[in-house]
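Written out below as C-alpha cells is the structure these notes cover.
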Amino acid sequence: MCNLATLAAIVLSIGASSLAGAQSTDDILQKLTGGTHRVWVFKRFDTILGPGQTCIRGEDADIHADHSIVVRTCVNGKTVPSTNTWKVRRDGIDDSLVIGTEEYRLLFQDNDNTMILRKISHSKTIPTVDKIYRRERD
Numbered sequence: 012m013c014n015l016a017t018l019a020a021i022v023l024s025i026g027a028s029s030l031a032g033a034q035s036t037d038d039i040l041q042k043l044t045g046g047t048h049r050v051w052v053f054k055r056f057d058t059i060l061g062p063g064q065t066c067i068r069g070e071d072a073d074i075h076a077d078h079s080i081v082v083r084t085c086v087n088g089k090t091v092p093s094t095n096t097w098k099v100r101r102d103g104i105d106d107s108l109v110i111g112t113e114e115y116r117l118l119f120q121d122n123d124n125t126m127i128l129r130k131i132s133h134s135k136t137i138p139t140v141d142k143i144y145r146r147e148r149d
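Next comes the structure, spelled out in C-alpha cells:
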C-alpha cells in the first residue's frame, strides 16, 4: 500500500517523463527530412532491367524540408511520381502528418528508422490502416 506522498511522486515522475518525450516541430522536421530531404520506402521497387525499365511493384516517399513531398508508385509497369505539400499538425497529444488534404497520425519507431502513417477511421465498417515506411539509407 502506498501513501499519498509516494503516489504524488509517481504522478510527478510520469508527467516529467511525458514532457521529456515531447517533440518539437523542428525535431519532427529533422526526422522526416534529415535537414534537406529523406526517402522513406513503403514497398521496395522491383524493376525489370532493359529498354524502358519497367517496375513490378514499389512505393516510396521523398519528403523535402521545403514541405514538398514526391510519392513514387509503380502503376501498370511505370513509376508514377505525384508531388504534393505536407505539414505537421500537433494537438498536444498526437502528431499528425498532413499530405495535401489527407491526415495521418505520425509515429516513429526503431530509433526513428521506421515511420508509421496511421489513417484513422471514424467508421466501424472502414478499418484504421497503418502504412509502415523504412528510412532509406542516407
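Per our numbering, residue 12 is the first one in the sequence shown, and the count goes up by one each step.
Here a beta-carbon is modelled for each residue, glycine too, at the ideal position from N, C-alpha and C.
These numbers were taken from a predicted model, which means no experiment stands behind them.
Sequence-distant residues of the same chain with beta carbon closer than 6 Å to residue i, five excluded per side
i	result
SER134	none
VAL140	LYS130
THR90	CYS66 and ARG83
Endpoints, alpha helix (DSSP H) assigned at residue i
i	result
GLN41	36 to 44
Contact set for residue i: own chain, Cβ-Cβ below 8 Å, skip 5 residues either direction
i	result
THR36	VAL99 and ARG101
SER107	VAL99, ARG100, ARG101, GLU114, TYR115, ARG116 and LEU117
THR58	GLN64, THR65, CYS66, ILE67 and GLY69
Bounding residues of the beta strand (DSSP E) (the contiguous stretch that carries residue i)
i	result
ALA72	65 to 75
HIS48	48 to 59
PRO92	89 to 101
ARG9	Residue numbering for the chain in the displayed model covers 12 to 149; residue 9 lies beyond these limits and cannot be assessed.
SER107	106 to 110
LYS130	125 to 130
ILE137	Segment: none, ILE137 is in no beta strand (DSSP E) and carries neither H nor E.
Member of the options whose CA lies at the smallest distance from the CA of residue i
i	options	result
GLY63	ASP106, ASN95 and ASN87	ASN87
ASP123	GLU147, LYS89 and ILE104	GLU147
TRP97	THR112, VAL52 and THR84	THR112
SER132	ILE110, HIS48, GLU114 and ASP73	GLU114
PHE56	ASP38, ARG83 and ILE74	ARG83
ILE143	ILE127, ILE39 and ALA76	ILE127
GLY45	ASP73, THR58, ARG68 and PHE53	ASP73
LYS54	THR136, ASP121, PRO138 and ASP71	ASP71
HIS75	TRP51, CYS85 and LEU60	TRP51
Sequence-distant residues of its chain with Cβ nearer than 7 Å to residue i (five each side left out)
i	result
ILE110	ILE80, ASN95 and TRP97
LYS42	PHE119 and ASP123
SER138	First, the amino acid is wrong: residue 138 is Pro here, not Ser. So the list reads SER132, once near-sequence residues are dropped.
Near the ligand PLP: residue i beta-carbon under 7 Å from a heavy atom
i	result
GLN34	In the structure on display, the ligand PLP does not appear, and there are no ligands present to speak of.
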